[in-house]
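What follows is a set of notes on a single structure, which appears directly below.
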Amino acid sequence: MKTVCSLQKMRDLSREVRRSGRTLGFVPTMGALHEGHLSLVRQSVAACDFTVVSIFVNPAQFGENEDLAVYPEDLENDRQKLLSAGADILFLPAAADIYPPGFKTHVSVSGITGQLCGKSRPGFFRGVTTVVLKLFHLVEPDTAFFGEKDRQQLEVVKTLVRDLNLDVTIASGPIVREADGLAMSSRNRYLSATERASALCLSQALSAARKRVDAGEGSADNLRREMRGIIEMEKFAEVDYISVCDPRSFEELEEVGREALIALAVKIGGTRLIDNCIVGRK
Ligand code: AMP
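So for the sequence shown, the working numbering puts the first residue at 101; every next one is plus one.
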């Protein structure tokens with residue numbers, strides 16, 4: 101596995117791969133890698149001839165009071181994990197190269213970025229779509245892999261690709277969880293032992309809601325209320341949002357029909373965690 105920092109080198113290598121007739125898979129990440137990331141890397145390795153994984157902690161998607169300065173970094177372990185998963189290139193661009201002085205251009209997707217994480221984190225999706233578009237131009241992948249853990253991001257990226265006629269297929273992978281149900285996240289590293297125990301309330305609230313829907317509950321308000329009750333029992337938990345919404349428009353629902361997205365963002369101590377699942381009435 102090669103590590104590439106230069107943007108031009110990355111472009112040259114990906115063009116070489118494509119010229120040789122091989123397919124190129126791409127997994128963008130912010131590092132501090134865990135099984136959730138690695139499941140996407142393995143998916144790419146299985147589906148494509150050549151896999152590029154980027155690690156770039158994108159300043160443009162962090163708000164002023166967020167965790168950019170302390171975002172976990174674990175480069176040597178990340179490298180080992182990527183090597184074992186079969187990645188071909190680790191792309192490690194520098195922030196000063198991605199956003200050189202005088203940088204003035206951003207892209208944003210409208211309509212589906214004003215809800216959920218877009219509402220709590222103004223500017224977040226603009227930062228994501230800008231960097232994803234730049235990375236796509238540099239890597240020129242045939243297929244790019246994104247996790248369902250960030251379901252709104254996945255939908256926003258699909259919309260970006262469709263609306264700007266980008267020549268890349270977006271593939272997705274299911275949420276990878278710890279044995280007790282906590283969705284894997286680089287930010288789980290911030291949790292103390294007591295916070296780690298409290299953090300289980302997210303997946304527990306989702307499981308409870310799913311059970312209620314399976315038992316015939318259709319009222320979105322009842323589901324929101326039940327989930328809030330479970331989360332608010334936890335000492336360290338503070339609800340950012342509890343949503344029962346349409347999985348494509350992210351508009352809040354009154355009734356759960358054949359398909360609904362249940363999505364949560366909860367602060368555990370100082371750490372903001374998200375989780376989601378799709379439910380539906382038969
Ligand atoms: P991040 O490093 O948090 O920006 O995540 C990089 C990619 O990994 C994104 O497409 C995420 O959706 C995906 N991802 C993060 N956590 C998980 C998880 N627990 N299961 C599946 N995919 C994940």
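Beta carbons are placed, not taken as given, at the ideal position from N, Cα and C, and that holds for glycine.
| Asked | Found |
| --- | --- |
| Pairwise C-alpha distance: D280 and H137 | 19 Å |
| Where the beta strand (DSSP E) containing R372 begins and where it ends | 371–379 |
| For S120, the three-state DSSP class (helix, strand or coil) | coil |
| Contact set for Y199: own chain, Cβ-Cβ below 8 Å, skip 5 residues either direction | P159, A160 |
| Sequence-distant residues of its chain with Cβ nearer than 6 Å to L364 (five each side left out) | L302, I342, D375 |
| Entirely enclosed alpha helix (DSSP H) segments - the region 200–257, minimum 4 residues | 216–220, 224–239 |
| F224 beta carbon less than 8 Å from that of D188 | no |
| Complete runs of the beta strand (DSSP E) confined to the region 105–171 [at least 3 residues] | 124–129, 150–155 |
| Alpha carbon of V145 to alpha carbon of L282, nearest angstrom | 26 Å |
| Cβ neighbour criterion (16 or more within 10 Å) applied to N288 | buried |
| Bridge partner(s) assigned by DSSP for C345 | E352, L361 |
| Nearest to S139 (by Cα), restricted to the options E338, P128, A185, L190 | A185 |
| beta-carbon S250 near the ligand AMP non-hydrogen atom, thresh 7 Å | Correcting the residue type first, residue 250 is Asp in the shown sequence and not Ser. Yes; taking the cut-off as 7 Å, the Cβ of D250 has a heavy atom of the ligand AMP nearer than that. |
| One or two residues paired with E338 in a DSSP bridge | K367 |
| CB of I155 within 8 Å of CB of L190, strictly | yes |
| Residues of its chain near L266, where Cβ-Cβ distance is below 8 Å and the 5 sequence neighbours each way are ignored | L233, F236, L260 |
| Enclosing beta strand (DSSP E) for A271 [first to last residue] | 269–273 |
| Through-space distance from A195 to G54, alpha-carbon basis | Outside the shown range of the chain (101 to 382) lies residue 54, about which nothing can therefore be said. |
| Contact test: E326 Cβ vs the ligand ZN heavy atom, cutoff 7 Å | This structure does not include the ligand ZN; its bound ligands are the ligand AMP. |
| Straight-line Cα distance separating E352 from Y290 | 31 Å |
| D178 burial status per 10 Å Cβ neighbour count (16 or more: buried) | buried |
| Stretch-stretch touch, CB-based, cutoff 8 Å, three pairs: the region 163–171 with the region 109–122 | no |
| Any non-hydrogen atom of the ligand AMP closer than 7 Å to S285 Cβ | yes |
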